[in-house]
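Structure, as structure tokens:
There are 2 protein chains.
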Amino acid sequence: MASTEHFTTATSEMDEEKEAPPPQDLTLGWVRDALVRQEDSIVFALIERARFPYNAPAYDPSLLPQQGGRSLVEAFARGAEVLQAKFGRYQNPEEVPFFPDDLPAPSVIPYNFPEVFHPASAYVTENNAIWNMYFNDLLPLFTVEGDDGNYTSTAAADLVCLQALSRRIHYGKYVAEVKFRDAPQDYMTAICAKDRDALMKLLTFEAVEEMVKRRVLKKAMVFGQTVTLEDKTFDDETKYKVDPAVVARLYDEWVIPLTKDVEVEYLLRRLD
Amino acid sequence: MASTEHFTTATSEMDEEKEAPPPQDLTLGWVRDALVRQEDSIVFALIERARFPYNAPAYDPSLLPQQGGRSLVEAFARGAEVLQAKFGRYQNPEEVPFFPDDLPAPSVIPYNFPEVFHPASAYVTENNAIWNMYFNDLLPLFTVEGDDGNYTSTAAADLVCLQALSRRIHYGKYVAEVKFRDAPQDYMTAICAKDRDALMKLLTFEAVEEMVKRRVLKKAMVFGQTVTLEDKTFDDETKYKVDPAVVARLYDEWVIPLTKDVEVEYLLRRLD
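As you go down the protein sequences, you meet chains A and B in turn.
Using our numbering, read the first sequence as starting at 2 and increasing by one per residue.
Using our numbering, read the second sequence as starting at 2 and increasing by one per residue.
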């Protein structure tokens with residue numbers, strides 16, 4: 002375990018952020034950099050959703066009687082996934098659809114994405130849990146009450162949030178794969194015994210998780226501040242576009258645990 | 002003119018940012034706040050597009066032979082606008098489609114958006130200019146060369162940029178309307194004479210434009226920095242996700258001039 006102890010679902014601190022396709026010889030450093038960069042995307046997405054009030058009608062199935070009990074946001078997300086599938090979004094194994102059952106085959110020339118995931122583990126998905134968490138728990142925490150009529154823009158902003166969260170959480174597949182490759186013997190026993198608790202313990206590094214939560218809190222402060230030409234310091238009076246404590250809680254209660262769920266489910270299938 | 006001298010296409014400095022539906026009695030303060038808030042959205046959108054390399058195949062019509070000479074990004078944007086129109090996006094007069102000719106009627110219960118714009122002026126659009134500027138001029142300035150295969154995610158990120166820019170630039174309609182209402186006599190002569198140059202002069206406040214450019218440059222530095230738990234200061238070695246000078250240039254060469262074009266075209270029709 003020594004070689005991976007500094008690294009977990011949560012990521013360690015770093016100086017540079019960049020994103021590039023996964024190298025064929027997947028490294029901890031690459032996964033870590035990608036996870037850190039995705040924190041920015043998640044914070045931006047939440048801030049952009051918070052431009053709109055809650056907009057309850059977007060979540061009320063009675064707004065769209067002809068959609069068979071689907072809310073505007075669900076009907077929109079399904080339509081957007083169909084469109085994106087057609088143009089090849091889900092050829093990239095990093096992208097996991099929320100509604101995989103009705104997606105068309107892509108009509109573009111296939112791109113040769115590197116095959117990194119173990120085939121039996123590649124289809125692990127936590128998207129149902131992410132969808133429910135986002136709408137039931139998270140959304141009311143960072144939007145204000147109100148209805149400004151911008152339901153489609155709201156649904157589009159929701160989908161950007163959901164896709165960013167899903168991408169981040171399913172990067173747990175990379176985390177699990179790289180950890181397994183680095184030290185398969187550490188995981189074999191627990192995998193063979195289908196011992197979820199033992200795997201969860203092997204994948205948990207509380208100090209790193211604490212650091213990630215502190216960093217996303219800081220990102221929410223930096224990116225959600227009102228930037229003016231005057232210099233400012235952060236104080237208790239500073240108003241943020243999204244409450245930084247909510248972003249830290251999002252990671253604490255949902256992003257980090259769901260990522261570890263992905264890792265556990267991935268590893269359980271890793272020897273199939 | 003005295004009452005509007007501090008305000009133009011460009012916006013003055015402020016302490017609070019928020020977004021709310023336009024009040025029936027449209028005010029300078031409301032338009033100004035909305036424009037300042039939209040700077041953040043534009044910077045976020047550019048940073049998120051810059052996650053991907055240029056991805057030339059997304060702009061090459063030969064990738065999609067069955068799309069009749071359309072690039073993936075154009076076919077995707079058309080499909081996304083059809084989907085968004087169906088769910089009512091363009092019921093809001095602030096939202097201007099890039100491909101208005103083939104949009105379906107919305108299938109949602111109409112929302113009663115306030116009617117602020119003069120009817121003859123409401124349909125002014127600079128979206129062709131925005132589309133061409135974005136792909137021909139701006140995009141190569143803030144993306145790196147390369148091809149990572151994420152063409153649909155790239156196209157979706159492009160559309161977020163385009164919609165944010167279009168929204169900001171077409172807010173020129175609010176600017177023109179509020180200025181006209183505040184002092185119609187200042188604009189009457191130039192409108193009746195169809196004197197574009199005189200209108201442009203009336204709408205130009207260089208000191209305010211300079212301030213806006215400095216503020217968006219600062220926003221690109223703040224939002225595009227790599228946030229770590231250590232304290233940092235900005236220096237010449239700081240790397241940003243999007244070059245702040247490009248964001249300042251975007252406003253200088255394109256956003257501010259195109260917004261003023263919207264204002265001029267709006268005012269030219271204001272007495273019809």
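No residue lacks a Cβ here, since even glycine has one placed at the ideal position from N, Cα and C.
In the DSSP assignment, Lys174/B falls within the alpha helix (DSSP H) that extends over Gly173 to Asp183. Using a CB distance cut-off of 8 Å, Ala246/A does not count as an interface residue toward chain B. With contact defined as three or more Cβ pairs closer than 8 Å, the stretch 246-264 of chain A and the stretch 70-84 of chain A are not in contact. In chain order, Val228, Thr229 and Leu230 make up the part of chain A whose C-beta sits under 9 Å from the C-beta of Lys219/B.
Taken in chain order, the members of the stretch 101-129 of chain A whose beta-carbon sits within less than 8 Å of a beta-carbon on chain B are Ser108, Val109, Ile110, Tyr112, Asn113 and Phe114. Against chain A, a Cβ distance below 8 Å from Gln67/B picks out Ser108. Take the alpha-carbon of Pro120/A and the one of Asn113/A: they are about 16 Å apart. Put simply, the CB of Glu82/B is far from chain A, with every gap to its CB atoms at 8 Å or more.
Excluding the 5 residues flanking it on each side, Ala78/B has same chain C-beta neighbours closer than 8 Å at Phe99, Phe100, Ala156, Asp159, Leu160 and Leu163, in chain order. In this structure the stretch 103-111 of chain B lies against the stretch 77-91 of chain B, because at least three pairs of beta carbons, one per stretch, are closer than 8 Å.
C-alpha of Ala130/B to C-alpha of Thr260/A: approximately 43 Å in a straight line.
Between the C-alpha atoms of Leu166/A and Ala208/B there is a straight-line separation of about 42 Å. With respect to Glu210/B, Ile257/B sits close: the two C-beta atoms are nearer than 8 Å.
Taking all protein chains shown into account, Asn137/B has fewer than 16 neighbouring C-beta atoms within 10 Å of its C-beta and is therefore exposed. Comparing C-alpha distances from Val117/A to each of Asp244/A, Lys202/A and Lys180/A shows the shortest one belongs to Lys180/A. Taking the Cα of Gly89/A as reference, the smallest distance to any Cα among Ala51/B, Asp149/B and Arg215/B is reached at Asp149/B.
Buried is the label assigned to Asn151/A, since at least 16 other Cβ atoms lie within 10 Å of its Cβ. Close partners of Ala249/B in chain A (Cβ separation under 8 Å) are lacking, with about 13 Å as the shortest Cβ gap. A straight-line Cα-Cα distance of about 43 Å links Arg50/A and Met189/A. In this structure, the straight-line span from the alpha carbon of Val145/B to that of Trp31/A is close to 19 Å. Ala191/A and Leu218/B have their C-alpha atoms spaced approximately 52 Å apart. The beta carbon of Leu268/A is closer than 7 Å to those of Ala177, Phe181, Tyr188, Ile192 and Leu200 in its chain, skipping five residues each way along the sequence. Interface with chain A (8 Å Cβ-Cβ cutoff): Leu29/B is excluded. Nearest Cα to Glu238/B within the set Gln226/B, Leu230/B and Val248/B: Gln226/B. At the C-beta level, Val44/B and Phe224/B come within 8 Å of one another.
Listed in chain order, the non-local C-beta contacts of Pro185/A below 6 Å within the same chain number zero, local neighbours out to five positions each way being set aside. Around the Cβ of Thr234/B, a 10 Å sphere holds fewer than 16 other Cβ atoms; the residue is exposed. With a cutoff of 8 Å on beta-carbon distance, Val109/B and Leu64/A are scored as near each other. With fewer than 16 other beta carbons inside 10 angstroms of its own, Glu231/B counts as exposed. Contacts with chain A at 8 Å (Cβ-Cβ) include Tyr152/B. Note on geometry: alpha-carbon atoms of Gly147/B and Pro66/A lie some 45 Å from one another. Residues of chain A whose Cβ lies closer than 7 Å to the Cβ of Arg90/B are, in chain order, Thr153 and Ser154. Secondary structure within the stretch 53-103 of chain B: the alpha helix (DSSP H) runs of 4 or more consecutive residues, fully enclosed, are 73-87 (chain order). Among the residues of chain A, those whose CB is under 7 Å from the CB of Phe224/B are Phe224, following chain order.
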